[in-house]
Amino acid sequence: MIKIKFISAIFFVTSIIFSQPNSGEITYGQNVIKMVIDTTSINDSYVKKILVEQYYEKQKALKADDPYYSLQFNGEKYVFKRLNFMDNDAYGKITNQLAKGTYFINTQKNSIYHKGNFMGEDLIIYYNKQPYKWEIKNEHKIIRGYNCIKAETIKRNEKGVETKVTAWFTTEINLNFGPKNYFGLPGLIIELYELDSVYYLKDIKFKSIKLNEINSKDKKIITYDKYISKVNGNIRF
0 MIKIKFISAI FFVTSIIFSQ PNSGEITYGQ NVIKMVIDTT SINDSYVKKI LVEQYYEKQK
60 ALKADDPYYS LQFNGEKYVF KRLNFMDNDA YGKITNQLAK GTYFINTQKN SIYHKGNFMG
120 EDLIIYYNKQ PYKWEIKNEH KIIRGYNCIK AETIKRNEKG VETKVTAWFT TEINLNFGPK
180 NYFGLPGLII ELYELDSVYY LKDIKFKSIK LNEINSKDKK IITYDKYISK VNGNIRF
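Numbering (numbering that gives the first Met the number 0), first residue to last: 0 to 236.
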């Protein structure tokens, strides 16, 4: 009798797991944690003053523990974009500090479309491969109640400058997604450290979601390599 009850319990739990929809919405927050540029090496006092002011302006704008980004997912696809702050964002103080554009990602095909305004032109930049190679470390910690594992990768901008990016992901949530175009780890990214900012999980809700998708024949689409040639490495995103 005990064995039958045990098997029934396993069947019940398994049924719940597999009946859970493979779609939903994740929200992320963002905080500013450090200055990227070492101002001690800058001799021009005016330039130094501007950089410091920009840093503190960004830090002040993002000081609230609020959700700033939405990641909607369905199956192996997800769309990452910033939330709308028109009602409570006087003069765009928050919006101007957030990641630009919207990411449309298919993790199975390793395809990425980044839609936004770049150097005054509306474009959809297309990547046909996973942009980051992850190195999983033997480091663990609890973040927001989840057992997380550390992973690192290198981000290279259009000028070839490399920056280390650190992610803390959990295998407790079987989704290989993360902020922006960071994906491919064996679990959801709970925290991501990139340049001067940390992106962190605020909430996750499983529900029915229908994603907007990019029309592959859109004339605004440009490959990442052609984009680099077009702007000659003058901007970073």
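All C-beta atoms in this analysis are idealised placements derived from N, C-alpha and C, irrespective of residue type, glycine included.
My guess is that residue i and residue j are in contact by the Cβ rule of under 8 Å, so how many angstroms apart are they, rounded?
| i | j | result |
| --- | --- | --- |
| residue 106 | residue 75 | 5 Å |
| residue 143 | residue 184 | Actually they do not touch by this definition, with Cβ atoms about 17 Å apart. |
| residue 179 | residue 167 | The Cβ separation is near 15 Å, so there is no contact. |
| residue 31 | residue 195 | 5 Å |
| residue 128 | residue 109 | 5 Å |
| residue 225 | residue 24 | Residue 225 to residue 24, Cβ: 33 Å. No contact. |
| residue 146 | residue 169 | 6 Å |
Residue i and residue j: beta carbons closer than 8 Å?
| i | j | result |
| --- | --- | --- |
| residue 188 | residue 72 | no |
| residue 162 | residue 134 | no |
Where does the unbroken beta strand (DSSP E) through residue i begin, and where does it stop?
| i | result |
| --- | --- |
| residue 76 | 76-81 |
| residue 28 | 22-31 |
| residue 121 | 120-126 |
| residue 167 | 161-169 |
| residue 136 | 134-142 |
| residue 196 | 196-205 |
| residue 101 | 101-105 |
| residue 179 | Careful: residue 179 lies outside any beta strand (DSSP E) and carries neither H nor E. |
Among the options, which one has its Cα closest to the Cα of residue i?
| i | options | result |
| --- | --- | --- |
| residue 28 | 110, 229, 151, 192 | 192 |
| residue 175 | 82, 81, 104 | 104 |
Open item on the list: Across the stretch 135-146 and the stretch 113-127, are there enough close Cβ pairs to call them in contact, namely three or more that are closer than 8 Å?
Closed with: These segments do not touch.
Task: Cβ contact (3+ pairs, closer than 8 Å) linking the stretch 107-121 and the stretch 204-224 - done: Yes, since at least three Cβ pairs between the stretch 107-121 and the stretch 204-224 fall closer than 8 Å, the two stretches touch.
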